[in-house]
Amino acid sequence: MSTHSASSKLTTVTSGSEELDVRLGGGIPIPSLLVIEGDNGTGKTVLSCQLARGFLISNMRVMYVTTESTVKQFLEHAKNISIDLTQPFLKGYLSIVPALIENARWSKNRVKPLIERFVEYLKERSESYGVIIVDSASLLLHYVGDSDIHSLLSDVRNIVKKGTTFIMTLHPTIVSDRVVKELTAVSDVYFKLTIGEIGGRVVKVINVVKIRGAPTLAESSIAFDVDPAFGLKVVPLALAKA
Numbered sequence: 005m006s007t008h009s010a011s012s013k014l015t016t017v018t019s020g021s022e023e024l025d026v027r028l029g030g031g032i033p034i035p036s037l038l039v040i041e042g043d044n045g046t047g048k049t050v051l052s053c054q055l056a057r058g059f060l061i062s063n064m065r066v067m068y069v070t071t072e073s074t075v076k077q078f079l080e081h082a083k084n085i086s087i088d089l090t091q092p093f094l095k096g097y098l099s100i101v102p103a104l105i106e107n108a109r110w111s112k113n114r115v116k117p118l119i120e121r122f123v124e125y126l127k128e129r130s131e132s133y134g135v136i137i138v139d140s141a142s143l144l145l146h147y148v149g150d151s152d153i154h155s156l157l158s159d160v161r162n163i164v165k166k167g168t169t170f171i172m173t174l175h176p177t178i179v180s181d182r183v184v185k186e187l188t189a190v191s192d193v194y195f196k197l198t199i200g201e202i203g204g205r206v207v208k209v210i211n212v213v214k215i216r217g218a219p220t221l222a223e224s225s226i227a228f229d230v231d232p233a234f235g236l237k238v239v240p241l242a243l244a245k246a
């Protein structure tokens with residue numbers, strides 16, 4: 005199981021879904037900074053789990069940091085949408101890092117040292133992983149000041165430059181517009197997830213704000229559904245409109 009791609013030169017790996025790969029212009033560019041923005045219920049964790057599976061299929065080690073569930077809850081949630089990550093976890097190819105702090109009183113003074121330690125932790129371990137996924141980064145980014153956001157993103161970019169892909173999810177209602185604009189500017193790939201209704205059918209939609217390094221042109225909007233039996237399933241727009 006390799007930790008990185010053969011070199012830091014931009015290439016692509018599968019998302020774990022052939023249909024999604026085609027619509028993304030060939031797959032997920034690596035190494036890259038990929039941001040997934042969306043409100044609750046738009047499928048951020050589902051997409052993150054799907055991408056984790058794609059990286060694992062591509063023989064890359066994955067670190068998944070979850071701020072919203074325990075290890076057991078995360079594995080059960082993934083299994084419930086037919087993305088079974090239990091075996092890769094048990095074999096050590098997938099590391100799950102729970103960063104859930106219940107009943108904590110958050111403030112800028114308390115969060116800043118936590119973020120610094122967290123980033124140091126990621127930097128120390130990044131060379132052992134092909135991808136690091138932080139789901140979600142909203143609470144951390146909410147308390148980041150102007151000068152700190154530049155420092156944080158600089159650290160993340162350095163992790164990417166060394167060959168590790170970095171994926172983070174965020175809720176736009178928790179993170180300021182300034183932070184969202186900054187992330188949009190520095191990211192290589194930026195997905196904005198929304199809920200759409202096409203022909204009476206409710207679907208989740210990946211709006212591709214930007215994607216740098218795809219072999220061919222990606223579609224601007226990709227509809228998908230979450231099927232308990234099949235996991236993430238791309239919905240052809242023609243079918244969705246029917």
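This note's numbering applies: residue 5 is where the sequence shown begins, and numbers increase by one.
Every residue gets a Cβ at the ideal spot worked out from N, C-alpha and C, and that includes glycine.
Fair warning: this is a prediction, and the values are worked out from it, not measured in the lab.
Take residue i and list the residues in its own chain whose beta-carbon comes closer than 7 angstroms to its own, dropping the five residues that flank it on each side.
i: L156; result: I119, V123 and V148
i: I153; result: V183 and E186
i: T18; result: D25, G31, G58, I61 and S62
Only counting the same chain, and skipping five residues up and downstream in sequence, which positions put a Cβ closer than 8 angstroms to that of residue i?
i: S86; result: D231, P232, A233, F234 and G235
Can you tell me whether DSSP reads residue i as helix, strand or coil?
i: V179; result: coil
i: S224; result: coil
i: T188; result: helix
i: P209; result: For the sequence presented, residue 209 should be read as Val rather than Pro. The answer is strand: DSSP assigns V209 an E or B state.
i: D159; result: helix
i: D152; result: helix
i: L270; result: Absent from the model: residue 270. The displayed extent of the chain is 5 to 246, so no value can be given.
i: T18; result: coil
To the nearest whole angstrom, what separates the beta carbons of residue i and residue j, a pair I think is in contact under 8 angstroms?
i: L55; j: I32; result: 6 angstroms
i: G30; j: T220; result: 6 angstroms
i: I178; j: V66; result: Between V66 and I178 the Cβ distance is about 25 angstroms, and since that is not below 8 angstroms, they are no contact.
i: V213; j: T188; result: 6 angstroms
i: S132; j: H175; result: Actually they are not in contact, since the Cβ atoms of S132 and H175 sit about 29 angstroms apart, beyond 8 angstroms.
i: E23; j: V238; result: 4 angstroms
i: I199; j: G45; result: 7 angstroms
i: K127; j: I100; result: Not confirmed; about 19 angstroms, so no contact.
i: V135; j: M64; result: 6 angstroms
i: S191; j: L94; result: No, S191 and L94 are not in contact; Cβ-Cβ is about 32 angstroms, not under 8 angstroms.
Keeping to the same chain, check which residues put their C-beta closer than 6 angstroms to that of residue i; ignore five residues upstream and five downstream.
i: T70; result: F78, P102 and D139
i: R57; result: G20 and I87
i: I226; result: R27 and I210
i: G42; result: K48 and L197
i: T74; result: P102
i: T90; result: L79
i: Y194; result: V39, T188, V213 and K214
i: A222; result: L28, G29, V212 and I215
i: A82; result: C53 and L89
List the DSSP bridge partners of residue i.
i: V193; result: L38 and I215
i: F59; result: Looking at the DSSP assignment, F59 forms no beta bridge with any residue, so it has no partner.
i: G200; result: V207
i: T71; result: In the DSSP output, where bridge partners are listed per residue, T71 has none listed.
i: K237; result: D229
i: T169; result: V135
i: V66; result: L98 and V135
**Item:** Those runs of the alpha helix (DSSP H) which lie wholly inside the stretch 74-149 and span at least 4 residues
**Value:** Correct list: 75-84, 90-94, 112-129 and 142-146.
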